[in-house]
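Taken in order, these protein sequences are the chains called A and B. In terms of our numbering, the first sequence is residues 1 to 345. In terms of our numbering, the second sequence is residues 346 to 690. Below is one structure, written out as structure tokens, with a few remarks after it.
2 protein chains.
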Amino acid sequence: MVTTKDIAKQLNIAVSTVGRALSDDSRISVETRQRVQEAARNLGYVTNRAARMLRGSKSNLVALMVPDIRHSFYYKIAHAMAECLERENFILTLSETGDRPERELQHLRELAGSQIAGVILIPTMRPHAESVRLLKSMPHVQLIRRHPALGGQSFGIDFARAVEDATRHLLQLGHRHIGYIGAHDQLFTSMDRLNGFRAALQAFSAKGSEQIGEPSDPDWSAEAIRQLLRQRSRPTAVVLSSVRITHDVLRALRTLGTSVPDDLSVIGFGDEPGFEWWGPGLTTVDLPVADLSTACGLWLLHHRLKQDDSASDAAFTNLSTSTLLVRGSTAEMRKSPAAARKKTA
Amino acid sequence: MVTTKDIAKQLNIAVSTVGRALSDDSRISVETRQRVQEAARNLGYVTNRAARMLRGSKSNLVALMVPDIRHSFYYKIAHAMAECLERENFILTLSETGDRPERELQHLRELAGSQIAGVILIPTMRPHAESVRLLKSMPHVQLIRRHPALGGQSFGIDFARAVEDATRHLLQLGHRHIGYIGAHDQLFTSMDRLNGFRAALQAFSAKGSEQIGEPSDPDWSAEAIRQLLRQRSRPTAVVLSSVRITHDVLRALRTLGTSVPDDLSVIGFGDEPGFEWWGPGLTTVDLPVADLSTACGLWLLHHRLKQDDSASDAAFTNLSTSTLLVRGSTAEMRKSPAAARKKTA
DNA sequence: CTGAAAGCGCTAACAC
DNA sequence: GTGTTAGCGCTTTCAG
């Protein structure tokens, strides 16, 4: 490893001169500056950030903590963050929590030791007390989810409105009995989504059939849609409230041979590769993940990490709104589904 | 930030004693060790890795460099790496190159300065000379692709065999005229795949129609499949040779209304969510990405990063084999495609 | 068993 | 315009 000392020795000058020349200090003569910078290039000098950090400067590491990078939600976030941070010469670290508080804590410990500059996290349901304490010592923002113990800065999506818009779309198509499949966790955003669904129904005095459960069980969603379709008076449309559920229900509907949108209109959640070509094309809630992430990344960089400690700890919440992507899986309600079936046959 | 000095002051002992106690040095009495460790816990001490690194120890950062984390190929890799590194208390950094040498270089500069412990990279087509030099100073492995200038350690997939197996499957179903859609870049693995295709055809003395081009253009693949289907004597099956191409062709086939597998048997590349429910279910080459990545990560950790510098620079190449996932998009060749169409109608 | 002190590479305050 | 020096937090001799 080449150090400033090596450069100094080679040019017969002092280390401090080298340091100043490398940072283009105006006190150093232009000539010396050039000589130093050239020598640095020739020797392949790279500044040792460990040493610089020891002197108090911040690291250029920003951590992103997500449940599982394989979900479209999260890899889209990671991509947007990577681009955003790269532009400012920051390095992105990636931690997967698997939604487990212990893994979250383990990562935070590791990150704290590495003097991370900041953390962007999708928190687990119930973070450990130590996680909370560790986060207090590093600038951070919550993304997508929001846990009260983790400080007031967060970027999220208005899920209530997203689901409400989706439901309204079905109502405007004439549907008056709509199914809903959603998750059960108390905290976070699941309740928001359900509330959006209920709000829309109420506005039209329509009927809802809710299936609430544990979508992390791979078979649960399939069973939920079967339940809905088995009712004597079954819903003519269904709203799915997470990407995971959408995946599982789409697969189940193919197996069941349900005709979409003739027998059932379907609105999914999120837009993954494949949703476009599922059956007649899936009408779905398009989440503004990329924009949200970029906004979040920039905000962390500019409001929380800038040298001047003017950065306030004031609560800050940004809620993005999503848009409905209308494709073929939703249609006007016909009086009799059977009639519709005949017509297309 | 709590330091060893703080702990020392609080307990009225020397910093060196604290340091030794924290690393469970046998020379320190059990009692002192416990007192120190308890104090550390109470004060919320975390060891400052910057300082430790300055003393010569390696960082716990391992970098992963991929073209774009949003592709299934790469997020699967990232996931496997994250899990693998986490187990050994390493931190994964994620760099996106967008397949552009300049971005690759920029990231490598940043990583070099941060004293990264090691690099796992999917190299760009033509890495900069400086990238090559930088990589020489850090332990690294190439993954998936393999560029001769970047050292002899690599983990890859036997693409030639993957495509050959896929083609053979079609041949065994009786197809004797098979289309192939593939990429054009000279280096790396594209040629391997094409060779696999040709080898299989030759074994059966069958006819091939190759469309070779630039799949990064979103419309190119669609045009390629149209070309194949427009020929007077058109192929009865087609082999797709990248994930990207598979996505684009599947979309195009839907638009064209081609009946699969009656009019055309199709074999895709990679297995993404959605391939399973595309049309009759896509027969595809299932790439052993997760296993490969885990193997690669473990290898870097254990062969290249261990303190003892016994780590050899010997060339090492691991080629994994993939398996064919047979679903509904491939069928036995009928004499007349039209007859098949009638039968199902 | 424990303490004192040096030094990793860099920056910044203080000379000249 | 440039040199000297101290010190960031830790590990590691070398002394006791």
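Here a beta-carbon is modelled for each residue, glycine too, at the ideal position from N, C-alpha and C.
{"Item": "A/A199 to A/G213 span [Cα, whole Å]", "Value": "20 Å"}
{"Item": "Residue(s) in a DSSP beta bridge with B/E449", "Value": "According to DSSP, which records beta bridges pairwise, B/E449 is partnered with nothing at all."}
{"Item": "Length of the line joining the Cα atoms of B/G553 and B/P618", "Value": "29 Å"}
{"Item": "Pair within 9 Å by beta-carbon distance, A/L92 and A/A112", "Value": "no"}
{"Item": "Burial state of B/R577, where buried means 16 or more other Cβ atoms lie within 10 Å", "Value": "exposed"}
{"Item": "Run of the beta strand (DSSP E) containing B/E677, from where it starts to where it stops", "Value": "No beta strand (DSSP E) contains B/E677, which DSSP labels as neither H nor E."}
{"Item": "Rounded C-alpha distance that separates B/A505 from B/R672", "Value": "21 Å"}
{"Item": "Within-9 Å CB hit, A/P235 to chain B", "Value": "no"}
{"Item": "CA-to-CA distance, B/T581 to B/D555, given in whole angstroms", "Value": "Here residue 555 of chain B is Glu; the residue named in the question, Asp, does not match the sequence. Using only the alpha carbons, I get a separation of about 13 Å."}
{"Item": "Chain-order list of residues whose beta-carbon lies under 6 Å from that of A/A162 (same chain, five-residue window excluded)", "Value": "V285 and S322"}
{"Item": "Burial state of A/T115, where buried means 16 or more other Cβ atoms lie within 10 Å", "Value": "For the sequence presented, residue 115 of chain A should be read as Gln rather than Thr. Classification of A/Q115: buried, given that the 10 Å Cβ count is 16 or more."}
{"Item": "First and last residue of the uninterrupted alpha helix (DSSP H) at B/T629", "Value": "First-last for B/T629: T628 to D631, but that is the beta strand (DSSP E), not the alpha helix (DSSP H)."}
{"Item": "Three-state secondary structure assigned by DSSP to A/A315", "Value": "coil"}
{"Item": "Beta-carbon contacts of A/D271 that lie in its chain and below 7 Å, excluding the five residues immediately before and after", "Value": "T284, D286 and L325"}
{"Item": "Segment contact, 8 Å Cβ cut-off, at least three pairs: the stretch 480-500 of chain B with the stretch 518-530 of chain B", "Value": "no"}
{"Item": "Own chain residues within Cβ distance below 6 Å of B/D510, not counting five before or after", "Value": "L669"}
{"Item": "Collapsed DSSP secondary structure at A/L325 in the structure displayed", "Value": "strand"}
{"Item": "Listed by chain order, chain A residues near B/N434 by CB distance under 7 Å", "Value": "E110"}
{"Item": "Chain-ordered chain A contacts of B/W623 [CB-CB under 9 Å]", "Value": "G274, W277 and W278"}
{"Item": "Secondary structure of A/Q115, DSSP reduced to three states", "Value": "coil"}
{"Item": "Candidates B/L439, B/G501, B/R454 and B/R490: closest to B/R337 by CA position", "Value": "The first residue shown for chain B is 346 and the last is 690, placing residue 337 of chain B beyond what the model contains."}
{"Item": "Under the three-state DSSP convention, the category B/E433 falls into", "Value": "coil"}
{"Item": "Residues bridged to B/E555 (per DSSP)", "Value": "B/Y525"}
{"Item": "Rounded separation between B/Y420 and A/S72 - CA only", "Value": "9 Å"}
{"Item": "Within 9 Å, strictly: CB atoms of A/L54 and B/A396", "Value": "yes"}
{"Item": "Check: A/A129 C-beta below 8 Å from any heavy atom of the ligand ATP", "Value": "The ligand ATP is absent from the structure shown, which contains no ligand whatsoever."}
{"Item": "Endpoints, beta strand (DSSP E) assigned at B/M410", "Value": "L406 to V411"}
{"Item": "Interface partners of A/G182 on chain B, CB under 8 Å", "Value": "Result: empty, since nearest Cβ-Cβ is about 20 Å, beyond 8 Å."}
{"Item": "Per DSSP, the bridge partner or partners of B/A427", "Value": "None, per the DSSP bridge assignment."}
{"Item": "Own chain residues within Cβ distance below 7 Å of A/M138, not counting five before or after", "Value": "A112, I116, G118 and V119"}
{"Item": "For A/S265, the nearest candidate out of A/C296, A/M333 and A/S190 (CA to CA)", "Value": "A/M333"}
{"Item": "Candidates A/V141, A/T167, A/H147 and A/R168: closest to A/F155 by CA position", "Value": "A/V141"}
{"Item": "Any 3 or more C-beta pairs closer than 8 Å across the stretch 84-104 of chain A and the stretch 20-34 of chain A", "Value": "no"}
{"Item": "Same chain, Cβ closer than 6 Å to B/W623, five either side skipped, listed in chain order", "Value": "L595"}
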